[in-house]
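**Q** For what it's worth, this note's numbering labels the leading residue of the sequence shown as 0, then goes sequentially.
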Amino acid sequence: MILVPDAPDFWLWQAGGKKFIRGADVVAKQEEEYRKKQKLKQANRRDSTEDEHHANEASSTGDVPVESTSGVDEIPLSEVYKRLRDRGQPIILFGEDEPQIRARLLKLEIEQPDMKEGWKNEMQTAMRDVDEELVKEVIEGSSNDPNKHDVDLSSSFNDNWEKIEEQATLLGVGNDPHRDCDIILSYFKYLITRWGMELNRRDDEEKKSPAGKLQASIHKQTVMNLKPLLNSLENHNCNNDIRHHLTNICRLLIIERNYILANNAYMTMAIGNAPWPVGVTRSGIHQRPGSAKAYVSNIAHVLNDETQRKYIQAFKRLMTRMQEMPEDGVDDTEMDDVDMDEVGEDLDEKIAEVRKKLEHNPYDNRLNNDLLSLLRKNGDFDELSEARLKISSKHPLSGTNWVEWIQDERTSGADRESIENLFEKATFDCNSLEVWMELVQWACGVDPKFAREKFEAAVSALGLRVDVGAMIWQSYLCFEEALLSGDETNEKQRKIVSSLYKRALRIPNIDLADTWGNYLQFAGEQIDEEIRAAYEASANDMKELSKYELKLAENEDSIDAFHEYLNYEKERGDPGRIQSFYGRMLDKHSQDENVWFDYGHWCETQLKVHSVSCRVYRQAVRHCPYSCALWQQTLLAMERSGAETSEIDDMWLQARETIGSADDGRALYRTYLYMLRRRADASDKDYKKMAELYEEGAQSLTEWFGKHDWDPQAQYRRNWAHFAYNKLNDAQKGRHIWDDILASGGGRFADKWIEAVRLERQFGTVEGARKLLYKALNSVSDHPTVVFEYFIQFEREEGTLEQLDKALEKVNAQAMLRASRQPQKASEETSKKKLHGKERHVDRASESQPGGRKRTNPSSDDAVPAKKQTHQESNTATAEKPVAKDKDGFAMPMLPVKKLLILKFQTATATPSAASSSDHPMPSVSSSDKNQKFTVFVSNLDFKTTPEQIKEVLDGVVEIRLVHRGMSKLTKGYGFVDLDSEESMHAALAKDRIPIAGRPMLVSISDPEKRTPFKYGTGLEKSKVFVRNVHYDCTDEQLREAFAVFGEVKAVRIVTHTSGKPKGVAYVEFAKEEDASRAVQAPEIILLGMLNTVSVLNFMV
């Protein structure tokens, strides 16, 4: 606001009685007074001799006399200077006064028409026209015309949408260009007029506001830019290629209403689909074979010429307006003539159907948004208001629903704070162009400073996007240029606009050329070279980005195309562009939790800004509330960002409501519980809230998922018991929790008992731990020896001698009891095999012999179950051997004896009963090898090894018998292989340690009387060396090659574990002892980057 101290009443009267006037009005009034003064001065000069002198001088030099410049005298001097600058002329010559300047301008305008009319900024011109109309109204007073602020509408247009739809079916049919031009022209005029009618229905206050002026200026600029295209369509001389593209796009818009494909077709028309997508129609300076590939349909028409660029860009605005119109071409103001009862009945059925679906799937965002749209169309505004509040509190709304909600609130007269809160929620839910454009347009009507803040926020959110970024920048530029309002003397505002152009042209986008053209119009001849360089760099980047943009368009924004584009942006390494692209990606795939995970992980590991990570995860759980892992990451991100505890607690309550499985429930509860633990550790050490939450979690999960399914592995309860012992110092509570764990199926497992004993021993009492161990002796079924060993060691460390003796007695009694059950079970299995006529094999684990008996003495401190003794060669009972004892008087364990299968000979007439009653195998009646079996014992097998895998490496296999784990399909890792001949048996023994499924298979003779001797020498071997620090990836060939430099290598062996993994050591045998000595004396041997140590092999002690 500009204050005018002198003659205030005069100004108010001249302003039509208004109490407030704009600064532009004051400037206009001053210019009018200036023109009057200039006329008086010129009239006085004509009467003086000085005027005659100037007139003669002008005539002698060929200039137009001053008297003939009456039209130019009415123009302000600033406008004269501007016109001269636009023509590239100096504003003043040496010794030139004001009349001569005006005379020179008049001469130039008469002799040289304005050749740069098309370079002017149409948006600025349109804004200036609107401003001039309002200034004229302020100065001359308001009139009674109710339509004085309306935009101009075409009087000749087809307002029958049904007829346009009917005509559109003929587009492109029969190759009739005249008919196609008429249909397209009718469609364009309909859209332009409908758009203008919507603008004219606004109230006067909105029309005169900055936002209203901006909308009117956009409409006016669009009409100006489309005029050449409309004329060519009307005269039926439109470019054939342009007409072909427009025909395709109009069919997609009118008939199919497929805006995605229509936008793709527009992109093809605008930037082309050629290998050179930025308007290149030749592959080089000279004619080349490759140039034939640049067909007409691949030309980037948006860059052909300035006029074409303008009307193609204007057509894009019409496409946007078309997308915002109702599906049936009738807006809300024209619904009076429609039978609302019929429409309401159909919508009521749809609303009921959607609500029924939501009962089964309340987290379906699409259904929730559909419900809001249907309620609004049906006019159920009370239900709509409640539904909006309820759904938006838990689910994200679409951009369209947010815009409709905001528009409804603005119509109802909501205050600025309420509207701003709605916009904040809308931009949090969806990073879409329609929401941001609605926000900045509303902000323009509030305050210029406020509008700049919202424009900057919009630029931060969308300005870096290739697809829609230009629309935000152009709107921002239009706003700043509107503030300039043609006042060329406002250098501060000009600098702001120029700086904004510089920022906009640094960013590649699909409308980059349009922005550059607008800058040329704004700058005139004063082009900033830095801005030119920024534009050229962005244009080069756009050439590369256009490939990915076209691929996105071709694949209909598929997730794979987005990931490929994202990887390219990550390679470039611009955090701002990567973050912006994630927003674009999630704008299309907001329900993909993997994209949210990837985005959040990138923010945490690369961006490392906790506030941004927290915002991303909070957005993620709104779009994917079913993801337990996202809720966990959200809670942790809020803790890292230093959020208020009350805010985190509220988020936890929301997360708790989304629990859908027992696993998710336990995970979420544990995350929040340990968060409370960290909070308590850092403050007052009060764990009361954590204890209550443990109780609540157990009760809730039990109620939701059942007593036996909520914590099957006891993970939650084990954590709870540890917390009770450690933090609460409540051993009684810990014992109660562990009693529940052991009673609900955990008592069968040794590790559960050991963990309970350790907690009781550490935080409770020794006597309590001893009671648990006594209970464990009778309960454990999976690994009882672990409990036996732990119990004995426990009493050694904590108990007295009497307690140790008692423990040994209990352990040995349990060991003998468990051992007595095994032969009975094995005997039953053996008898079943006999009944089925299978071959009987004699081994200690499956057959009871008269000469064998169970040990009665304790086995050892380890308390392993008693096992049967081996048979003696004689038929007499074997004498019991004395049991060895250690220094404490405890029994020493026996060394395990390898189970071997005795080779037997059976006659064809021998019966199973006779064979089983005999102490020794019956001799074969025939000495032929036909009935003799050659058996080898194989071990160190993978538990999943199949007989087919063994047959692949061994020849002459007759039968393979692998020992299985009860009823399981897994084996115990060993078995027996029957071969057809002795030669096959020796061949199998030679393949000892052959790898199968990554593990070396051990092969030995299946003879209980023979032990396989160690097949390697145990004495001093001077020709063999021992190598340490061998790389795990080293092969025999690499090792042989490394040591071949010292002499002939006879053999190489890399030592491996039974699992097949190398131990890092090896043996190398040379043909001569001298070669081995040279290898030992070598200063260093480096193999695969590791220094190997070599020494002489000597097993002698």
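Glycine included, each C-beta is placed from N, C-alpha and C at the ideal position.
Do the CB positions of Leu-39 and Val-79 come within less than 7 Å of each other?
**A** As a first step, residue 39 must be located in the sequence shown, where it is residue number 40. As a first step, residue 79 must be located in the sequence shown, where it is residue number 80. Not closer than 7 Å, so no.
**Q** Counting along the chain, where does the alpha helix (DSSP H) carrying Ile-959 start and finish?
**A** Counted from its first residue, the sequence shown places residue 959 at position 960. That residue, Ile-959, is in no alpha helix (DSSP H); its beta strand (DSSP E) goes 956-963.
**Q** Which whole-angstrom value describes the C-beta separation of Val-1002 and Asp-991, a residue pair presumed to lie in contact below a C-beta threshold of 8 Å?
**A** Against the sequence shown, residue 1002 aligns to sequence position 1003. Against the sequence shown, residue 991 aligns to sequence position 992. Going by Cβ atoms, the distance from Val-1002 to Asp-991 rounds to 4 Å, so yes, they are a contact pair.
**Q** Checking the sheet assignment: what are the DSSP bridge partners for Phe-936?
**A** On the sequence shown, residue 936 is found 937 positions in, with the first residue counted as 1. Beta-bridge pairing links Phe-936 to Phe-975, Ser-1003.
**Q** Can you pull the DSSP bridge partners for Thr-1092?
**A** The residue labelled residue 1092 in the question sits at position 1093 within the sequence shown. For Thr-1092, which the question treats as bridged, DSSP gives the partners Arg-1027.
**Q** Between which residues of its own chain and Gly-575 is the CB-CB distance below 8 Å, once the five residues before and five after are set aside?
**A** Within the sequence shown, the letter at position 576 stands for residue 575. Around Gly-575: Leu-463.
**Q** Kindly indicate the opening and closing residues of the alpha helix (DSSP H) around Phe-454.
**A** Reading the sequence shown from its first residue, position 455 is the one you call residue 454. It spans 447-461 - the alpha helix (DSSP H) in which Phe-454 sits, taken as one unbroken run.
**Q** Which residues mark the beginning and the end of the beta strand (DSSP E) in which Pro-994 is found?
**A** What you label residue 994 is simply residue 995 of the sequence shown in a count that begins at 1. Where Pro-994 is concerned, the enclosing beta strand (DSSP E) stretches over 993-995.
**Q** DSSP three-state call for Glu-656: helix, strand or coil?
**A** In the sequence shown, residue 656 corresponds to position 657, counting from 1. DSSP places Glu-656 in helix when its eight states are reduced to three.
**Q** DSSP three-state label for Leu-1087, please.
**A** Looking up residue 1087 in the sequence shown gives position 1088. Note: Leu-1087 maps to coil in three-state DSSP.
**Q** Would you check if the distance between the CB atom of Asp-151 and the CB atom of Asn-199 is smaller than 7 Å?
**A** Here residue 151 corresponds to residue number 152 of the sequence shown, with the count starting at 1. Here residue 199 corresponds to residue number 200 of the sequence shown, with the count starting at 1. Contact: no.
**Q** Determine the extent of the alpha helix (DSSP H) in which Tyr-686 is found, giving its start and end residues.
**A** Residue numbering aside, residue 686 sits at position 687 when the sequence shown is read from its first letter. Following the DSSP letters along the chain, one finds Tyr-686 in no alpha helix (DSSP H), marked with neither H nor E.
**Q** Could you spell out where the beta strand (DSSP E) holding Val-1048 opens and where it closes?
**A** In the sequence shown, counting from the first residue as 1, residue 1048 sits at position 1049. Val-1048 -> beta strand (DSSP E) spans 1048-1055.
**Q** Identify whether Ala-713 lies in helix, strand or coil by the three-state DSSP scheme.
**A** Position 714 of the sequence shown holds residue 713. If DSSP states are grouped into helix, strand and coil, Ala-713 belongs with coil.
**Q** In this structure, how does DSSP classify Thr-426 when only helix, strand and coil are distinguished?
**A** Here residue 426 refers to the residue found at position 427 of the sequence shown. Helix, per DSSP.
**Q** Please report the straight-line C-alpha distance between Leu-700 and Lys-706, rounded to a whole angstrom.
**A** Along the sequence shown, read from residue 1 onward, the residue named residue 700 stands at position 701. Along the sequence shown, read from residue 1 onward, the residue named residue 706 stands at position 707. Approximately 8 Å, taken between the alpha carbons.
**Q** In whole angstroms, what separates the C-alpha of Glu-614 from that of Ala-628?
**A** For the purposes of this step, residue 614 is identified with residue 615 of the sequence shown, where counting begins at 1. For the purposes of this step, residue 628 is identified with residue 629 of the sequence shown, where counting begins at 1. Inspection of the sequence shows that residue 614 is occupied by Arg rather than by Glu. One C-alpha to the other measures close to 16 Å.
**Q** CA-CA distance, Glu-603 and Leu-635?
**A** Indexing the sequence shown from 1 puts residue 603 at position 604. Indexing the sequence shown from 1 puts residue 635 at position 636. Taking the CA atoms as reference points, Glu-603 sits about 11 Å from Leu-635.
**Q** Within the chosen definition, does the segment 431-440 reach the segment 535-551 through at least 3 CB pairs nearer than 8 Å?
**A** no
**Q** Give the DSSP-derived three-state secondary structure of Val-1067 in the structure shown.
**A** As a position in the sequence shown, residue 1067 is number 1068, starting the count at 1. In this structure, Val-1067 counts as strand in the three-state DSSP scheme.
**Q** Would you call the CB atoms of Val-1067 and Val-1054 closer than 7 Å?
**A** By 1-based counting over the sequence shown, the position of residue 1067 is 1068. By 1-based counting over the sequence shown, the position of residue 1054 is 1055. Their beta carbons are not under 7 Å apart, which means Val-1067 does not touch Val-1054 by this criterion.
**Q** Going by other Cβ atoms of all chains shown within 10 Å of its Cβ, with 16 needed for buried, is Lys-1023 buried or exposed?
**A** Stepping through the sequence shown from its first residue, residue 1023 is reached at position 1024. So Lys-1023 ends up on the buried side.
**Q** Can you grab the Cα-Cα spacing for the pair Pro-98 / Leu-483, in whole Å?
**A** Taking the sequence shown and counting its residues from 1, one reaches residue 98 at position 99. Taking the sequence shown and counting its residues from 1, one reaches residue 483 at position 484. Using only the alpha carbons, I get a separation of about 28 Å.
**Q** Just checking, does the segment 686-697 make contact with the segment 660-676 on the three C-beta pairs under 8 Å criterion?
**A** yes
**Q** How many whole angstroms separate the CB atoms of Leu-675 and Met-689, which I take to be in contact at a CB cut-off of 8 Å?
**A** For the purposes of this step, residue 675 is taken as the residue at position 676 of the sequence shown. For the purposes of this step, residue 689 is taken as the residue at position 690 of the sequence shown. Going by Cβ atoms, the distance from Leu-675 to Met-689 rounds to 5 Å, so yes, they are a contact pair.
**Q** Identify every residue that forms a DSSP beta bridge with Pro-1061.
**A** For the purposes of this step, residue 1061 is taken as the residue at position 1062 of the sequence shown. Its beta-bridge partners are Thr-1055.
**Q** Do Thr-633 and Arg-655 have their C-beta atoms within less than 7 Å of each other?
**A** Locating residue 633 in the sequence shown gives position 634, where the first residue counts as 1. Locating residue 655 in the sequence shown gives position 656, where the first residue counts as 1. No, the Cβ-Cβ distance between Thr-633 and Arg-655 is not below 7 Å.
**Q** If you reduce the DSSP assignment to three classes, tell me which class Ser-778 lands in.
**A** Within the sequence shown, residue 778 is the residue found at index 779, counting from 1. Here Ser-778 sits in helix by DSSP.
**Q** With the cut-off set at 7 Å, would you say Pro-227 and Tyr-310 are in Cβ contact?
**A** The count along the sequence shown starts at 1 and reaches residue 227 at position 228. The count along the sequence shown starts at 1 and reaches residue 310 at position 311. Yes, the pair counts as a contact, with Cβ atoms nearer than the cut-off.
**Q** Could you please give the first and the last residue of the uninterrupted alpha helix (DSSP H) stretch that includes Arg-250?
**A** Within the sequence shown, numbered from 1, the residue matching residue 250 stands at position 251. That run of the alpha helix (DSSP H) goes 239-250.
**Q** Does the beta-carbon of Phe-93 have 16 or more other beta-carbons within 10 angstroms, so that it is buried, or is it exposed?
**A** Start at 1 with the first residue of the sequence shown, and residue 93 comes out as number 94. By the neighbour-count criterion, in which 16 or more other beta carbons inside 10 Å mark a residue as buried, Phe-93 falls on the exposed side.
**Q** CB-CB under 8 Å to Ser-466, same chain, minus the five flanking residues each way: which ones, in chain order?
**A** What you label residue 466 is simply residue 467 of the sequence shown in a count that begins at 1. Sequence inspection shows Asp at residue 466; the Ser mentioned does not correspond to that position. Closer than 8 Å at Cβ, skipping near neighbours: Asn-508, Ile-509, Glu-548, Arg-583.
**Q** Nearest by alpha-carbon distance to Ala-937: which of Ile-959, Lys-943, Glu-951 is it?
**A** Within the sequence shown, the letter at position 938 stands for residue 937. Reading off the sequence shown, one finds Val at residue 937, where the question assumed Ala. The candidate whose alpha carbon is nearest that of Val-937 is Ile-959.
**Q** Work out the CA separation of Glu-1072 and Lys-1162 for me, nearest whole Å.
**A** Limits of the chain in this structure are 0 at one end and 1100 at the other, which puts residue 1162 out of reach.
**Q** Once you ignore the five residues that flank Leu-366 on each side, which residues in its own chain have a CB closer than 6 Å to its CB?
**A** Within the sequence shown, numbered from 1, the residue matching residue 366 stands at position 367. Result list for Leu-366: Val-353, Lys-356, Leu-357, in chain order.
**Q** How many angstroms separate the CA atom of Ile-100 from the CA atom of Gln-525?
**A** Counting from 1 along the sequence shown, the entry for residue 100 is found at position 101. Counting from 1 along the sequence shown, the entry for residue 525 is found at position 526. Cα-Cα distance, rounded: 21 Å.
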